[in-house]
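Asks: Before anything else, here's the structure in question.
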Amino acid sequence: MVDRAFVHYRPHWEWVVREFPPNQLDSYRVEARLRTTDPDPGNVVILGDSTALASLDPFVFEGRFPERHFIPITIGGSNTVSFGFLANAILDIDAKAAILVVSPYGTRDQINYAGVNVYDVRAAPSMFTLDEVLAEPSFHLMGLAAQSHVLIRHRWVLQQSLRVYLETTDWAELRRGYMRGRLRAMRHGDFGPIVGWMRSRDPVVYPNPNTRAIRYLARRMRENGGVLVLMESPVHPLMKLLVPATRTAPFREYLETIVREEGLVFITNEDLPELKVEHFGDQSHMNAVGSALVTQVVATRLRDVL
903 MVDRAFVHYR PHWEWVVREF PPNQLDSYRV EARLRTTDPD PGNVVILGDS TALASLDPFV
963 FEGRFPERHF IPITIGGSNT VSFGFLANAI LDIDAKAAIL VVSPYGTRDQ INYAGVNVYD
1023 VRAAPSMFTL DEVLAEPSFH LMGLAAQSHV LIRHRWVLQQ SLRVYLETTD WAELRRGYMR
1083 GRLRAMRHGD FGPIVGWMRS RDPVVYPNPN TRAIRYLARR MRENGGVLVL MESPVHPLMK
1143 LLVPATRTAP FREYLETIVR EEGLVFITNE DLPELKVEHF GDQSHMNAVG SALVTQVVAT
1203 RLRDVL
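Residue numbers (my numbering): 903 to 1208.
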């Protein structure tokens, strides 16, 4: 009863959409966005991690396609598998097009399960083999429990948002707390999963749950009369030098296989204009100038799709 009352109380979800900043408590913000978006075949969702949010500007898109509504559904630091789990929720808002921004890191075989905070039992069989389920049974059991009740799904997030609502803290302080935790981890030699992935010499195994999520999302969009567009995440010039070819080349090769077999539109980095340091706010995320430039190029590619 509590779960149903909470889920159907739209003013709360509208508050979350209005007040929650991007890249902070994202799984809750994404659920709120989906719950407050009315079904409309003009909906176009932008999917991916924080680099997707920084690379594609919904307002620039809507200037080119005024009859469409571009909705960012992004989760900072997410694995691509998260958006496979969201496929059916995306269909619930009748989105007829989705732009999924992908990267070698986001489609790796070593999933950071602690960073996957969405789950849909309907999608899991299409993305995980039986061996993969048996290797991480707690993830799937907790996912099932979280899917059944909002208080299980978002307990920690609800606690933090209540603190903000009661003005005992604010979003900036929550962000600073996260950054302090990362700095403590770095002092102990933990530089995060991205650095570990770059340094690893183990080959990436394809297919894996992240790449199967792309196929599942493509299939569900087709079944709803829609289309999935894949876009390679823009890369900072420095990162092109730091990320080894053993990580990027197999990613591109396997992604092109998916594109060919699923009949998808694929926007690669070669399709974008030359990106320079001044187009980025940091080593991963574009600034407003870079985002406007990339969005205009992507919008041109989308004319035949939309």
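Note that CB positions come from ideal geometry on N, CA and C, so glycine has one too.
Using the Cα positions of residue 1194 and residue 971, report the straight-line distance between them to the nearest angstrom.
Replies: As a working mapping, residue 1194 is identified with position 292 in the sequence shown. As a working mapping, residue 971 is identified with position 69 in the sequence shown. Cα-Cα distance, rounded: 17 Å.
Asks: Could you give the distance in angstroms between the alpha-carbon of residue 1042 and the alpha-carbon of residue 1035?
Replies: Within the sequence shown, residue 1042 is the residue found at index 140, counting from 1. Within the sequence shown, residue 1035 is the residue found at index 133, counting from 1. Roughly 7 Å separates the two Cα atoms.
Asks: Go ahead and pull the three-state DSSP assignment for residue 1126.
Replies: One-based indexing of the sequence shown puts residue 1126 at position 224. Here residue 1126 sits in coil by DSSP.
Asks: State the beta-bridge partners of residue 1042 as determined by DSSP.
Replies: Your numbering for residue 1042 matches position 140 in the sequence shown. For residue 1042, which the question treats as bridged, DSSP gives no partner whatsoever.
Asks: For residue 1001, name the three-state secondary structure that DSSP assigns.
Replies: Looking up residue 1001 in the sequence shown gives position 99. Residue state, collapsed to three classes: strand.
Asks: Does residue 1040 pass the burial test, meaning 16 or more other C-beta atoms within 10 Å, or should it be called exposed?
Replies: Within the sequence shown, residue 1040 is the residue found at index 138, counting from 1. Exposed is the call here.
Asks: In angstroms, rounded to a whole number, what distance separates the CA positions of residue 921 and residue 1058?
Replies: One-based indexing of the sequence shown puts residue 921 at position 19. One-based indexing of the sequence shown puts residue 1058 at position 156. Going by the C-alpha atoms only, they are around 17 Å apart.
Asks: Hey, residue 1160 and residue 1124 are a contact pair by Cβ (cut 8 Å); roughly how many whole angstroms apart?
Replies: Position 258 of the sequence shown holds residue 1160. Position 222 of the sequence shown holds residue 1124. With 8 Å as the limit, residue 1160 and residue 1124 do not qualify as a contact, their Cβ atoms being about 14 Å apart.
Asks: Alpha carbon to alpha carbon, how far is residue 1001 from residue 1129? Give it in angstroms, no decimals.
Replies: Numbered from its first residue, the sequence shown carries residue 1129 at position 227. Numbered from its first residue, the sequence shown carries residue 1001 at position 99. One C-alpha to the other measures close to 9 Å.
Asks: Select from 1149, 1050, 934 the residue whose C-alpha is nearest the C-alpha of residue 1104.
Replies: Here residue 1104 refers to the residue found at position 202 of the sequence shown. Per the Cα distances, 1149.
Asks: With C-beta atoms as the reference, is residue 1004 less than 8 Å away from residue 1201?
Replies: What you label residue 1004 is simply residue 102 of the sequence shown in a count that begins at 1. What you label residue 1201 is simply residue 299 of the sequence shown in a count that begins at 1. No.
Asks: By DSSP's criteria, residue 976 is part of a beta bridge. Which residues make up the other side?
Replies: Your numbering for residue 976 matches position 74 in the sequence shown. Residue 976 is bridged to 950.
Asks: Mind checking who residue 1169 pairs with in its DSSP beta bridge?
Replies: Your numbering for residue 1169 matches position 267 in the sequence shown. Residue 1169 pairs with 1133.
Asks: Checking the sheet assignment: what are the DSSP bridge partners for residue 1181?
Replies: For this step, residue 1181 is matched to residue 279 along the sequence shown. BP columns for residue 1181 are empty, so no partner.
Asks: According to the Cβ coordinates, are residue 957 and residue 1196 closer than 8 Å?
Replies: Looking up residue 957 in the sequence shown gives position 55. Looking up residue 1196 in the sequence shown gives position 294. Closer than 8 Å, so yes.
Asks: Can you tell me which of the three DSSP states residue 1112 falls into?
Replies: Stepping through the sequence shown from its first residue, residue 1112 is reached at position 210. Three-state DSSP puts residue 1112 in a helix.
Asks: Inspect the CB distances between the region 1127-1142 and the region 943-958 and report whether three or more fall short of 8 Å.
Replies: Yes, the region 1127-1142 is in contact with the region 943-958.
Asks: Between residue 1029 and residue 1114, how many whole angstroms is the CB-CB distance? I'm expecting something under 8 Å.
Replies: Your numbering for residue 1029 matches position 127 in the sequence shown. Your numbering for residue 1114 matches position 212 in the sequence shown. 4 Å between Cβ atoms; contact.
Asks: Between residue 1215 and the rest of its own chain, which residues show a CB-CB distance below 8 Å, the 5 nearest in sequence each way excluded?
Replies: Nothing about residue 1215 can be read from this structure; the chain reaches only from 903 to 1208.
Asks: Taking the straight line between their C-alpha atoms, what separation do you get for residue 981 and residue 1076?
Replies: Residue numbering aside, residue 981 sits at position 79 when the sequence shown is read from its first letter. Residue numbering aside, residue 1076 sits at position 174 when the sequence shown is read from its first letter. Near 23 Å, if we compare the C-alpha coordinates of residue 1076 and residue 981.
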